[in-house]
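Okay, so here's the structure we're looking at.
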């Protein structure tokens, strides 16, 4: 059996273990036996209802968001050829946050149940603004990084001003930290189609991402239509990261960490480790969600805080070892 296959299987097993740990730890702790019973038998008992209506949909959202952010991060690092790139570079998080806060401020009767769709519109807006700055220009990867960070800072500043000017906007501060609290089957329904579309297309085009990541000259010599590829991958980032942020808030560092871990475990092009990247993203968020119930028990911490505690030191490590990481 190949090393790649063994690593992928091992990561999948770690994910399965994390799934049961996640379902077990919440406001109350349930045994694995109870979880097995609830998943297999719908006996309408209290524990079964809690698992099926509260914990299971939240878990599925965590898995889909983790996979989506990891794949979006891999795309960003590939097309920018920048080891520190992540969905934030594309203005996704800032765009979604701004539109949601603006909806709260300017529409007092705004229904929070529509936040997923409104946030998605904002995420698309942020991505489109950034993309207009780079389309049709050479050195797209440099322009993308610069334009993305500039737009991110600009939109984030406007969001902070809106929050300071209107006390009603403080209600969304918890969402702005990145949270899976209260995610139900409606959240799964909103996220699922975008997750499926983005994941399948990204995996199918992984070979093209490898070519783009090696340089524009090589891509041109191999007959790759660069502008079309940039557009397609840009859309995938908007779909994957945008849908995730709209449902769970701006959860950071998953898109940064997962591709790096994957590349360290499996060498080669993106087509060789894109599946592992997706699995690692799911593992990171599933375990982070479980930790969010534990670190401040009996209270729940936003999962975005947990990923920041994990990702912050990792980001500093990448900054310190940027040259070796870029080569790896």
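Residue numbers (my numbering): 76 to 403.
Every residue gets a Cβ at the ideal spot worked out from N, C-alpha and C, and that includes glycine.
Given the structure is predicted, the values throughout are model-derived calculations rather than measurements.
query = Straight-line CA distance for residue 330 to residue 151?
reply = 9 Å
inquiry  = Please report the straight-line C-alpha distance between residue 336 and residue 230, rounded to a whole angstrom.
reply    = 30 Å
request  = Give the straight-line distance between the Cα atoms of residue 159 and residue 344, rounded to the nearest whole angstrom.
outcome  = 18 Å
ask   = Grouping DSSP H, G and I as helix and E and B as strand, with all else coil, what is residue 300?
value = coil
key: Limits of the alpha helix (DSSP H) - the one that residue 367 falls within   = 345 to 369
query = How long is the line joining the alpha carbons of residue 317 and residue 262, rounded to whole angstroms?
reply = 14 Å
task = Pull up the distance between the alpha-carbon of residue 284 and that of residue 388, whole angstroms please.
result = 28 Å
ask   = Going straight from the alpha carbon of residue 180 to that of residue 260, what length do you get?
value = 28 Å
message = So, does the stretch 161 to 173 touch the stretch 352 to 370, judging by three or more C-beta pairs under 8 Å?
response = no
Alpha carbon of residue 131 to alpha carbon of residue 373, nearest angstrom = 20 Å
ask   = Should residue 273 go down as buried or exposed, given a rule of 16 or more other Cβ atoms within 10 Å for buried?
value = buried
query = Do you know offhand how far residue 400's Cα is from residue 124's?
reply = Only weak support exists for where residue 400 lies, its pLDDT of 49 falling under 50; the value from the coordinates is given anyway. Spanning the two alpha carbons is a distance of roughly 46 Å.
message = Whole angstroms are fine: how far does the CA of residue 313 sit from the CA of residue 271?
response = 14 Å
task = Give me the Cβ distance between residue 332 and residue 386, rounded to the nearest whole Å; I'm assuming they're in contact under 8 Å.
result = 6 Å
request  = Would you kindly work out how many angstroms separate the C-alpha atoms of residue 121 and residue 195, rounded to a whole number?
outcome  = 34 Å
ask   = Apart from the five residues on each side of it in sequence, which residues of its chain come closer than 8 Å, Cβ to Cβ, to residue 328?
value = 161, 382, 383, 385, 386, 387, 389, 390
message = Going by DSSP in three states, residue 104 sits in which element: helix, strand or coil?
response = coil
key: C-alpha gap between residue 175 and residue 193, whole angstroms   = 6 Å
Contained alpha helix (DSSP H) runs [length at least 4] in the stretch 203 to 289, N- to C-terminal order = 215 to 240, 248 to 251, 260 to 279, 281 to 288
ask   = Does the Cβ-Cβ distance between residue 147 and residue 279 come in under 9 Å?
value = no
query = How would you call residue 392, buried or exposed, if buried means at least 16 neighbouring beta carbons within 10 angstroms?
reply = exposed
ask   = Going straight from the alpha carbon of residue 402 to that of residue 292, what length do you get?
value = Unreliable positioning characterises residue 402 in this predicted model, as indicated by a pLDDT of 48, which lies under 50. A coordinate reading is not provided.
ask   = When you compare each of 371, 365, 252, 153 to residue 338 by their alpha carbons, which one comes out closest?
value = 153
task = Report yes if the CB atom of residue 97 is closer than 9 Å to the CB atom of residue 323, and no otherwise.
result = no
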